[in-house]
Amino acid sequence: MLAASKRSTVYFDPDLHRALRIKAAHSQRSLSDIVNDAVRLALREDEDDLSACDARAHEPLLSYEELLRNLKANGKI
22 MLAASKRSTV YFDPDLHRAL RIKAAHSQRS LSDIVNDAVR LALREDEDDL SACDARAHEP
82 LLSYEELLRN LKANGKI
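Just so you know, the working numbering puts 68 at position 47 of the sequence shown, and the rest follows in order with no gaps.
Here it is in structure tokens:
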């Protein structure tokens, strides 16, 4: 464990906890490493989603009704 690491209590569903313990044993990694990697990935995905939203912030809004009209007009539905 890194000196800068912080300790936290996390409660897992029992089946999920068992799966994580098995994965840790099979991969010869700690449960903490696996959870840290999963959290990092989730945060990266959030960052990517926010960046995509920012990039599209200036696009015109399209209501659901307009979307349906456009799809129908173009023979998509």
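Beta carbons: idealized from backbone N, C-alpha and C, even for Gly.
Check                                                                              : Outcome
Rounded straight-line distance, which links the Cα of E68 to that of N57           : 16 Å
Closest Cα partner of H38 within the set Q49, I55, A76 and A25                     : I55
Given Y85 as reference, the closest of S26, A78 and K93 once Cα atoms are compared : K93
Residue nearest to S26 in terms of C-alpha spacing, selected from K44, Y32 and S53 : S53
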